[in-house]
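Q: Residue 519 is where the sequence shown starts when you use this note's numbering, and the numbers rise one by one after that.
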Amino acid sequence: MTRLPPRPDLEWTPDGAPRSRTNDDVYYSQHGGLDETRTVFLGGCGLPEGWATRSRFAIGELGFGSGLNALATWERWRRTRAPGAVLHYVSIEGFPLERDEAARAHAAFPEVAALSQRLLDQWPVRARGAQRLWFPEDGFALTVIHADAQVALDGLVGDFDAWFLDGFAPARNEDMWSAALMQRIAALSAPGARLATYSVAGAVRRALTAAGFHVEKAQGYIGKRERLEARLEAAPGKARSLMPYAAAPHGRVAVIGAGMAGASVASALVRRGVEVVVLESGDAIAAGASGNAAGLVMPRLDRSDTPVARLHLAAYLDALRRYDAHGLLHSGGVIEHVEADAARADLLADPPLPESHFKAHANGVFHPCAGVVAPRAVVEALLRGAEVRCGVEVARLARNGAGWDLHDAEARVIVSASAVVIASGAALARFDQTRWLPLEFSRGQTEAGPLDGAPLAHALSGDGYAAPLGDGVVFGATFDRTDAATASPDADSRARNLEKLARLAPDIAARVRGETLTSRAGVRTATADRSPLSGLLPDAAAFNALHAGPSKHNEAPPAHDGLYVLGGLGSRGFTLAPLLGEAIAAEICGEPQSLDRATLEAANPARYLLRALKRGKPLPT
């Protein structure tokens, strides 16, 4: 299997509709397109009536195609949704269309031209995995998963209220309609979920019935005598997970930390209409490691298809989309200096991203869409809509029935909330509930100043980095192990940064004047396995007590309900934080995730407790 998802073998009918040569089938009816969607899928699932009084609704689709069903649903949702309601539309596509191909297909439907343009402006990159497109002004989140249908469904996390089965006809695409796939759809469905499809094939009806759906035939759309409508009556059990997941009671959410991690969580919650209060111990936002003069946004690409590799790829694409939406990404590209080794050759021969995002360069590889952000401007933009209180030190967290009280050093309640997200960087493990987290700290110093001659066209990365900062440059950074929570600049670190710059880019180093440089130092937080911490916080003491007797390896660790953590992002916070903030917000609100289950588990802090249990050495709490 290639790293890039395969392209469809398209031909175009005389009236401008796409057709798959591989499957010998059309993408949508030539007799209506949008009207067919409204009849077969929206009408077949009892919509919009089914979502009229709902604050959250989730639709799953097999066969994204040109996105026509999504456009028709979006258009109807905008006109009929309850105030503040959010619709998650999650669609799976194994053979993604390019943006210009989708635009050609959409041209036949001028009634959704405005929505089409907004979708095309964010059209998913041709890469494996999920990409979430948010349209917060409409309460609409479109997640497109480029993967085999069974693989995508096996990894999907969420409860869906309706399903659109719109793959190519069963006779031409049998795997898309298998009994195993229908069983998985049922397991991902909320009680009473509705399902609709144009196909009335006997095998489809039998597979749905066996999965617990009550199936009925209905009047078909033009040119088709019948279609199917189904309602879930009895579903198979949910997939067991060894990681804790739980939606928090709906209400105010307190976020501890106004750096990149805390701002990302706050932004994801605010776009869902959640009340958010952000508490920062420093005198200003981005006071810690998030406060450098510039931050690189670039991918970490791995040869292997592991959960961590999928996380980094998905996070990079998500970060590009989030920063671009705010106009914050200076995307001049990043040249990554790497040796001409087997890993580089393998990635270039079989790339995980299209050439528009990843290509060979004389000094290594070039990431054309990567770039630089101004950290403080990013944090400010992400915190809009949240209440931010600086100079507030949270000393203790305590349960108060269904929620949490956040206390200061004098035991006074600062704020109460239904859920809390600890995103306080180097101070992440200062609370009783988080003291067991295995964190590592490194001191990092950067230098910034004017640059003689022409400004940099691209950022450079290798052993250190150099990024454009207006007409100047910011470069570094040191990596020194430390136990301190804060750091100050020093001359030795500056000398080492200048040496790094001379090795990375001697021409740039020759244009830097040391007497004009400004240094900044901060403390990064990482983990022993270099994967981030993201998710519901396990109760380590309860876990150790549970396993003091006969071991129960097949149970998820007990958790602190409504208490989440986001941290350990190392030097990749500006790339990782937006997607992980979205994942935590989705969990708090009980919504479908864009990341697959294995990837969520690779970032969940419970992994350390489970590993310690296997070694027979519980972590101290």
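Ideal Cβ positions, reconstructed from N, Cα and C, are used throughout, including at glycine.
Only a predicted model underlies this, so the values are computations on that prediction, with no experimental measurement involved.
In whole angstroms, what separates the C-alpha of residue 789 from that of residue 632?
A: Computed Cα separation, rounded: 21 angstroms.
Q: Any idea which residues DSSP pairs residue 852 with across the strands?
A: 885 and 977, per the DSSP bridge assignment.
Q: If you drop the 5 nearest sequence neighbours on each side, which residues of the same chain put their C-beta closer than 6 angstroms to that of residue 928?
A: Excluding positions up to five away in sequence, the list is empty.
Q: Quick check on residue 695: buried or exposed, where buried means 16 or more other Cβ atoms within 10 Å of its Cβ?
A: Counting Cβ neighbours within 10 Å, residue 695 comes out buried, since at least 16 surround it.
Q: Would you check if the region 972 to 991 and the region 1050 to 1062 touch, i.e. whether three or more CB-CB distances between them fall below 8 angstroms?
A: No, the region 1050 to 1062 is not in contact with the region 972 to 991.
Q: Just the C-alpha distance for residue 648 and residue 1028, rounded to the nearest angstrom, thanks.
A: Looking at the two C-alpha atoms, the distance is approximately 43 angstroms.
Q: Measure how close the beta-carbons of residue 898 and residue 803 come, nearest whole angstrom, since I'm counting them as under 8 angstroms.
A: That belief holds up - the Cβ atoms of residue 898 and residue 803 are roughly 7 angstroms apart, short of 8 angstroms.
Q: When you compare only the Cα positions, how much space is there between residue 591 and residue 612?
A: In a straight line, the C-alpha of residue 591 is about 21 angstroms away from that of residue 612.
Q: Exposed or buried, residue 761, counting other C-beta atoms within 10 Å across all chains shown (16 or more means buried)?
A: Buried, because 16 or more other Cβ atoms sit within 10 Å of the Cβ of residue 761.
Q: If contact is defined by three or more beta carbon pairs under 8 angstroms, each pair taking one atom from either stretch, is the region 584 to 600 in contact with the region 743 to 752?
A: Too few Cβ pairs lie closer than 8 angstroms, so no.
Q: Taking the C-alpha atoms as reference points, what is the distance between residue 601 and residue 1051?
A: Looking at the two C-alpha atoms, the distance is approximately 34 angstroms.
Q: CB-CB under 6 angstroms to residue 1136, same chain, minus the five flanking residues each way: which ones, in chain order?
A: Once the five neighbours on either side are set aside, the close Cβ partners of residue 1136 are 1062 and 1130.
Q: Can you tell me which of 1127, 1111 and 1133 puts its alpha carbon nearest to the alpha carbon of residue 671?
A: Checking every option, the nearest Cα to that of residue 671 belongs to 1111.
Q: Check the DSSP bridge columns for residue 908 and list the partner residues they point to.
A: Bridge partners of residue 908: 798.
Q: For residue 734, which beta-bridge partners are listed by DSSP?
A: The partner list for residue 734 (beta bridge, DSSP) reads 747.
Q: Is it buried or exposed for residue 740, if we count other Cβ within 10 angstroms and need 16 for buried?
A: Counting Cβ neighbours within 10 Å, residue 740 comes out exposed, since fewer than 16 surround it.
Q: Decide if residue 681 is buried, meaning its Cβ has at least 16 other Cβ atoms within 10 Å, or exposed.
A: Buried: at least 16 other Cβ atoms inside 10 Å.
Q: Who does residue 1052 pair with in a DSSP beta bridge?
A: In DSSP, residue 1052 forms a bridge with 1084.
Q: If residue 645 sits next to residue 870, beta carbons under 8 angstroms apart, how far is it from one beta carbon to the other, in whole angstroms?
A: Yes, residue 645 and residue 870 are in contact; Cβ-Cβ is about 6 angstroms, under 8 angstroms.
Q: Please state the DSSP three-state secondary structure of residue 836.
A: Helix, per DSSP.
Q: Just the Cα atoms here: how many angstroms apart are residue 792 and residue 862?
A: Those two C-alpha atoms are separated by around 44 angstroms.
Q: Using 8 angstroms for Cβ pairs, my map puts residue 939 next to residue 1102. What's the rounded Cβ distance?
A: That belief holds up - the Cβ atoms of residue 939 and residue 1102 are roughly 6 angstroms apart, short of 8 angstroms.
Q: Going by the CB atoms, is the gap between residue 925 and residue 937 shorter than 8 angstroms?
A: Cβ atoms of residue 937 and residue 925: not closer than 8 angstroms.
Q: With distances taken Cα to Cα, identify the nearest neighbour of residue 942 among 894, 1082 and 821.
A: Checked all of 894, 1082 and 821; the closest Cα to residue 942 is 1082.
Q: Contact between the region 1075 to 1090 and the region 836 to 845: three or more CB pairs below 8 angstroms?
A: Too few Cβ pairs lie closer than 8 angstroms, so no.
Q: For residue 1124 and residue 1056, what's the separation of their Cα atoms in angstroms?
A: Whole-angstrom Cα-Cα distance: 6 angstroms.
Q: Within a Cβ cutoff of 6 angstroms, which residues of the same chain sit near residue 1044, ignoring the five residues on either side of it in sequence?
A: Result list for residue 1044: 958, 1086 and 1088, in chain order.
Q: Does the pairing of the region 647 to 662 with the region 676 to 692 give three or more beta-carbon distances under 8 angstroms?
A: Touching, no.
Q: Taking only three categories from DSSP, how would you classify residue 1141?
A: Residue numbering for the chain in the displayed model covers 519 to 1139; residue 1141 lies beyond these limits and cannot be assessed.
Q: Do residue 980 and residue 854 count as a contact pair if the criterion is CB distance below 8 angstroms?
A: A contact, by the Cβ cut-off of 8 angstroms.
Q: Tell me which same chain residues have a C-beta within less than 6 angstroms of the C-beta of residue 526, skipping the five on either side of it?
A: 538 and 613, listed in sequence order.
Q: Please list, in chain order, all residues of the same chain as residue 719 whose beta carbon is under 6 angstroms from its beta carbon, the five residues on each side excluded.
A: Excluding positions up to five away in sequence, the list reads 688.
Q: Report the rounded CA-to-CA distance for residue 831 versus residue 744, giving the unit in angstroms.
A: Computed Cα separation, rounded: 42 angstroms.
Q: What residue does the beta strand (DSSP E) around residue 996 start on, and which one ends it?
A: Element bounds for residue 996: n/a, residue is neither H nor E.
Q: If you follow the beta strand (DSSP E) that residue 925 is part of, which residue opens it and which one closes it?
A: Its beta strand (DSSP E) spans residues 921 to 925.
Q: So what does DSSP say about residue 484, is it helix, strand or coil?
A: The structure shown does not extend to residue 484, since the chain spans only 519 to 1139, so no value can be given for it.
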